[in-house]
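Trainee: Let me begin by handing over the structure; questions about it come next.
In our numbering, the protein residues as written are 8 to 463.
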């Protein structure tokens, strides 16, 4: 093995996972008005998707789940994170669940269990039914109640076999990119008027968590997207800009879960959250673990006078980048620093699950074996960062690679490849990359070390 292939030392007892999301891998999208999601609508906007593609067939996983389960089992995963699309299960956002869709996810759960991999579903990975968005989407408090109804439908079918759940994936990205600037579905541009969507998502998570526990769930959490925010210059202006961005991207979504309160928004001239009596108590006791999706740090500088926001996001100097270019810098130490900072801010931080971590790099559309050493180096560096955070006292229980498969990457279409497994989107052929073998070996090495420690 070359040095970049040597598995890093990892925390003892760490669980191992890999992730996908339904809209990015399934294909078999609806052909009519019923069952549409906000992403079915968004991708039809001219110029919304960089390569003009659609999410069909993507990896065609809806028709061939066995292939994905075999790949998950081949890695030796403890758990497989996948998502269940709200719009497929509840096609018009109201009423009973679709029997065919529920049968499909029930079968997927059974396939995973038969393969010795625990299913770890996500109930909302950005696929809101179009009918609910037409009623206001996450801007409306009632959407939290409708989400709880959907959670009840799914848990009623799968709760006898599924014990671990994510409720909502990356509420920050839905708020900031979906409702504030319009880069993702539903494509609204409300700037700070998008902030109520943060509260309604957290409330929806808490309502759904209660439903899942009533149906036998042992652990429930959500996956917050986090970034480590750096000021470009060591000046008061840039430090203040970094603090504001940190508040909007990180703390608005973490503090209610971990502290039972929002950070002070009004002192920054921002509108207050639409909180009602009892909301924060409900949100504050709603998680059994804290899920973190981490990809990169964010560097900011003070914006020019008259800017609608007080910060500009700029390239992070002096570090390599992924296939996204300067938008996604590579700095594993940023994950370590983020975890240690969260632990310091929140002394009662529950066990942490790294719910997504990975990188996209340029790769051919049609290929045999891909020796993706750049991805291996990225993952190895971030696993080492997790180990350093654990040594500093942070309780990290699980690590998840994004993604098991190359997939349809939202507004970037098929131009970015995150997978441990290469997918030929014309033929559907799946070919494990070098990173797949590396991750399999890391998992096996970790298990062997843990067994040796127990024996001694």
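Just so you know, even glycine gets a beta-carbon here, dropped at the ideal spot from N, CA and C. Small disclaimer: the values here were computed from a predicted structure and weren't measured.
For residue 434, collect the residues of the same chain with a Cβ closer than 7 Å to its Cβ; drop the 5 residues on either side in sequence, then sort them by chain order.
Mentor: There are no such residues.
Trainee: Just grab the DSSP bridge partners of residue 161 for me.
Mentor: DSSP, once it has assigned bridges, lists no residue as partnering residue 161.
Trainee: What are the boundary residues of the beta strand (DSSP E) that residue 320 is part of?
Mentor: Here the beta strand (DSSP E) through residue 320 covers 318-321.
Trainee: Quick one: grab the DSSP three-state call for residue 239.
Mentor: Coil, per DSSP.
Trainee: Shorter than 8 Å from the beta carbon of residue 424 to some beta carbon of chain D?
Mentor: Absent from the structure: chain D. Only one protein chain is present.
Trainee: Would you grab the beta carbon distance between residue 145 and residue 207 for me? Rounded to a whole angstrom, and I think it's under 8 Å.
Mentor: Their Cβ separation, rounded to whole angstroms, is 5 Å, which keeps residue 145 and residue 207 in contact under 8 Å.
Trainee: Classify residue 462: buried if its beta carbon has 16 or more other beta carbons within 10 angstroms, exposed otherwise.
Mentor: That one is exposed.
Trainee: Here's a check: name, in chain order, each residue in its chain whose Cβ is nearer than 6 Å to the Cβ of residue 195, leaving out the five neighbours to either side.
Mentor: Closer than 6 Å at Cβ, skipping near neighbours: 186, 189.
Trainee: My understanding is that residue 24 touches residue 84, with C-beta atoms under 8 Å, so please give their C-beta distance in whole angstroms.
Mentor: Going by Cβ atoms, the distance from residue 24 to residue 84 rounds to 6 Å, so yes, they are a contact pair.
Trainee: With a threshold of 16 other CB atoms inside 10 Å of the CB of residue 72, please say whether the residue is buried or exposed.
Mentor: By the 10 Å Cβ count, residue 72 comes out buried.
Trainee: Just grab the DSSP bridge partners of residue 233 for me.
Mentor: Its beta-bridge partners are 301.
Trainee: Taking only runs of the alpha helix (DSSP H) that begin and end inside the stretch 195-236, which ones reach a length of at least 4 residues, in chain order?
Mentor: With a minimum length of 4 residues, the continuous alpha helix (DSSP H) runs that stay inside the stretch 195-236 are 203-221.
Trainee: What does DSSP give as the partner residue(s) for residue 368 in the beta ladder?
Mentor: According to DSSP, which records beta bridges pairwise, residue 368 is partnered with nothing at all.
Trainee: According to DSSP, simplified to helix, strand and coil, what is residue 282?
Mentor: Three-state result, residue 282: coil.
Trainee: Quick one: is residue 100 buried, meaning 16 or more other Cβ sit within 10 Å of its Cβ, or exposed?
Mentor: Per the 10 Å Cβ criterion, buried.
Trainee: Is residue 70 near residue 116, with beta carbons less than 8 Å apart?
Mentor: No. Outside cutoff.
Trainee: Inspect the beta-carbon positions of residue 5 and residue 154 and report whether they are closer than 8 Å.
Mentor: Here the chain comprises residues numbered 8 to 463, so residue 5 is not present and cannot be evaluated.
Trainee: Round the Cβ separation of residue 359 and residue 296 to the nearest angstrom and send it over; I've been treating them as touching at under 8 Å.
Mentor: That belief holds up - the Cβ atoms of residue 359 and residue 296 are roughly 7 Å apart, short of 8 Å.
Trainee: When you compare only the Cα positions, how much space is there between residue 75 and residue 231?
Mentor: Going by the C-alpha atoms only, they are around 25 Å apart.
Trainee: At what residues does the alpha helix (DSSP H) containing residue 453 begin and finish?
Mentor: Counting along the chain, the alpha helix (DSSP H) containing residue 453 begins and ends at 441-462.
Trainee: For residue 2 and residue 111, which I take to be in contact (beta-carbon distance under 8 Å), what is that distance rounded to the nearest angstrom?
Mentor: The displayed coordinates of the chain run from 8 to 463. Any statement about residue 2 would go beyond what the structure contains.
Trainee: Please return the same chain residues whose Cβ sits closer than 8 Å to the Cβ of residue 205, not counting the five positions on each side in sequence.
Mentor: So the qualifying residues of the chain are 178, 179, 182, 259, 260, 280.
Trainee: Could you spell out the range, first to last residue, of the alpha helix (DSSP H) harbouring residue 423?
Mentor: Unbroken run through residue 423: none, as it is neither H nor E.
Trainee: What did DSSP end up calling residue 57 once you bin it into helix, strand or coil?
Mentor: Looking at residue 57 - three-state DSSP - the assignment turns out to be coil, as it is neither helix nor strand.
Trainee: Among the candidates 291, 343, 317, 242, whose CA atom is the shortest distance from the CA of residue 277?
Mentor: Cα-wise, what sits closest to residue 277 is 317.
Trainee: For the stretch 89-134, which segments carrying the alpha helix (DSSP H) assignment without a break, of at least 4 residues, lie completely within its bounds, in sequence order?
Mentor: Segments of the alpha helix (DSSP H) lying fully in the stretch 89-134: 93-96, 106-121.
Trainee: Between 152, 274, 31, which lies nearest to residue 286 when the distance is taken from Cα to Cα?
Mentor: Checking every option, the nearest Cα to that of residue 286 belongs to 152.
Trainee: Between the Cα of residue 366 and those of 380, 374, 385, spot the shortest distance and give me the residue it belongs to.
Mentor: With distances taken between Cα atoms, residue 366 lies closest to 385.
Trainee: Please report how far the alpha carbon of residue 320 lies from the alpha carbon of residue 460, in whole angstroms.
Mentor: Rounded to whole angstroms, residue 320 to residue 460 spans 45 Å at the Cα level.
Trainee: Do residue 407 and residue 304 have their beta-carbon atoms positioned less than 8 Å apart in this structure?
Mentor: No.
Trainee: Determine the direct distance from the alpha carbon of residue 294 to that of residue 161, and round the result to whole angstroms.
Mentor: Cα-Cα distance, rounded: 19 Å.
Trainee: From the DSSP output, read off the bridge partner residues of residue 136.
Mentor: Per DSSP, 44.
Trainee: With H, G and I counted as helix, E and B as strand and the rest as coil, what does DSSP make of residue 351?
Mentor: Helix at residue 351.
Trainee: Which partner residues of residue 434 appear in the DSSP bridge assignment?
Mentor: Paired residues: none, contrary to the question.
Trainee: Is residue 429 buried or exposed, if buried means 16 or more other CB atoms sit within 10 Å of its CB?
Mentor: Looking at its Cβ environment, which holds 16 or more other Cβ atoms inside 10 Å, residue 429 is buried.
Trainee: So is residue 218 buried or exposed if we call it buried at 16+ other beta carbons inside 10 Å?
Mentor: Under this definition residue 218 is a buried residue.
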